[in-house]
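Heads up: the sequence shown at position 310 corresponds to 310 in UniProt numbering, and the numbers run straight through without jumps. Notes follow once the structure below has been shown.
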Amino acid sequence: MFNKEIIAGFQNHKTPFYYYDLTVLDETLKVINDEIAGFNYKVHYAIKANTNDRILAKIKEYGLGIDCVSGNEIKWAIKNRFEPGKIAFAGVGKTDEEIEYALKTGIFTFNVESLPELEVIDTMAGKMGLEAPIAIRFNPNVNAKTHYYITTGLEENKFGINHWELSALFELLAKLTNIKLLGLHFHIGSQILDLSVFKNLCNRVNDYQREFSDRGIEIHHINVGGGLGVNYQNPDGEPIPDFKTYFQIFKKFLNLRPNQELHFELGRSVVAQCASLISRVLYIKEGIKTNFTILDAGMTELIRPALYQSFHLIQNLSKLNDDPSSKYDVVGPICESSDCFGKAIALPKTERGDIIAIRSVGAYGEVMSSSYNLRDKAAVVYR
Ligand code: LLP
1 MFNKEIIAGF QNHKTPFYYY DLTVLDETLK VINDEIAGFN YKVHYAIKAN TNDRILAKIK
61 EYGLGIDCVS GNEIKWAIKN RFEPGKIAFA GVGKTDEEIE YALKTGIFTF NVESLPELEV
121 IDTMAGKMGL EAPIAIRFNP NVNAKTHYYI TTGLEENKFG INHWELSALF ELLAKLTNIK
181 LLGLHFHIGS QILDLSVFKN LCNRVNDYQR EFSDRGIEIH HINVGGGLGV NYQNPDGEPI
241 PDFKTYFQIF KKFLNLRPNQ ELHFELGRSV VAQCASLISR VLYIKEGIKT NFTILDAGMT
301 ELIRPALYQS FHLIQNLSKL NDDPSSKYDV VGPICESSDC FGKAIALPKT ERGDIIAIRS
361 VGAYGEVMSS SYNLRDKAAV VYR
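Right, dumping it as structure tokens:
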């Protein structure tokens, strides 16, 4: 990702900043489109992962739809020229205001997460003289084998309608007159690397499909959510996730009905690898076991390590060809001990002023930043 010229160019910028390599994004999107070509598959980009307008423009170029989880995300998608008819709206806590706005806007579908929400959408659509397009989000109780905080498809999670609510759901669907059932929706978690869990998901989806066909209810599309993980350890070795294997699992194990569409909501796998957080070393400070490398970037710019103990590769770009002979705890300037990007990280002997890259931050990086400690917002640089 980095060569001498790029690193030299970094000297002219105030740190910290997000560095987006749009060529990586291009390549990723191309692979996605190549892999789904010839299949009745549609990919909605999960905009929560990154809302940067240049990123969105690229994603739009490749014809993806958008998966939103708030009224403002829908507004933002539309402002960035995505068609309402390609927008899905999920989330356990849609407000009346958001529902009204989405109905008025004419989005593709509401992914409905509870029975009470279904009733509210039906009532509001009725008042507006509209028919609300919906998909039912089920909680399939499939273990995604990922970090607990980003697991969504277990019974104990707040997301989706559970299997024990199925008969109440069918009763309700038969009664409501202002909704149009289009799809069945599932999403089990994020940063999934053990792809066998998607096979388990397919089995559960097949069970749910059967429940609907047994009652003579036709389903236009199945939406299996997102979740495909990326290689945080080796972003240069594997900059593009294994979309081929991922899509093949669904081809192989999902019993789609004739003409039924299969939808995906990919976030991380689309954008994670196209960005790095670039920072300067402020101080090297002696510690008990390892020395500290204190950066001018902190958890305010990238909260993932503090929140999920997540790993991001850290590189000293000023000394890229030197041996990693020292170990450092790489920390930020924020007044929290969790403001740490990595402990005992092997780096070349590092000095004040060195440029440090924290890799694979394109997903859930910039969007989750905050102004805690009244920090300035990090700048953005593109290639
Ligand atoms: N669909 C739904 C309904 C979702 O809740 C999510 C992510 C996605 C799709 C996209 O999942 P992806 O393809 O990106 O795995 N902030 C956390 C990740 C939270 C994911 C939330 N839901 C992190 O930094 O790891």
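In this text, a Cβ means the ideal position worked out from N, Cα and C, and glycines have one as well. The model shown is predicted, which means the values in this text are computed figures rather than measured ones.
| query | result |
| --- | --- |
| Segment contact flag, the stretch 4-13 with the stretch 259-274, C-beta cutoff 8 angstroms, min 3 pairs | no |
| Cβ-heavy atom distance, glycine 216 to the ligand LLP, below 8 angstroms | no |
| Contacting residues, own chain, Cβ-Cβ under 6 angstroms from phenylalanine 253 (five flanking each side not counted) | Lys199, Cys202 |
| Among Ala174, Asp214, Gly216, Leu228, nearest to valine 197 - alpha-carbon criterion | Leu228 |
| Rounded separation between threonine 123 and threonine 95 - CA only | 13 angstroms |
| Test item: CB-CB of asparagine 80 and alanine 57 under 9 angstroms | yes |
| Continuous beta strand (DSSP E) stretch holding leucine 228: start and end | Unbroken run through leucine 228: none, as it is neither H nor E. |
| Terminal residues of the alpha helix (DSSP H) in which tyrosine 19 lies | No alpha helix (DSSP H) holds tyrosine 19; the beta strand (DSSP E) holding it covers 17-20. |
| Sufficient close CB pairs (3 or more, under 8 angstroms) joining the stretch 236-248 to the stretch 283-296 | no |
| Beta-carbon proximity of isoleucine 121 to isoleucine 161, cut-off 9 angstroms | no |
| Three-pair Cβ contact test at 8 angstroms for the stretch 267-274 versus the stretch 16-30 | yes |
| CA nearest to the CA of lysine 127, picked from Asn157, Ala90, Thr177 | Thr177 |
| Bounding residues of the alpha helix (DSSP H) (the contiguous stretch that carries cysteine 202) | 196-214 |
| Endpoints, beta strand (DSSP E) assigned at residue 386 | Past the boundaries of the shown model lies residue 386; the chain is included only from 1 to 383, so the question cannot be answered. |
| Segments assigned beta strand (DSSP E), at least 3 residues, entirely inside the stretch 108-174 | 109-112, 132-137 |
| Cβ contact check for the stretch 332-340 and the stretch 312-320: 3 or more pairs under 8 angstroms | no |
| Residue range of the alpha helix (DSSP H) that includes serine 269 | 268-271 |
| Alanine 90 Cβ short of 8 angstroms to the ligand LLP heavy atom set | yes |
| Beta carbon of isoleucine 192 nearer than 9 angstroms to that of lysine 145 | yes |
| Counterpart residues of phenylalanine 89 in DSSP-defined beta bridges | Cys68, Phe110 |
| Contact test: leucine 64 Cβ vs the ligand LLP heavy atom, cutoff 8 angstroms | no |
| Cβ distance (whole Å) where histidine 312 is taken to contact phenylalanine 341 below 8 angstroms | 7 angstroms |
| DSSP-derived helix/strand/coil call for tyrosine 62 | coil |
| Sub-9 angstroms separation of isoleucine 278 and phenylalanine 17 beta-carbons | yes |
| For arginine 268 and leucine 195, the rounded distance between their alpha carbons | 15 angstroms |
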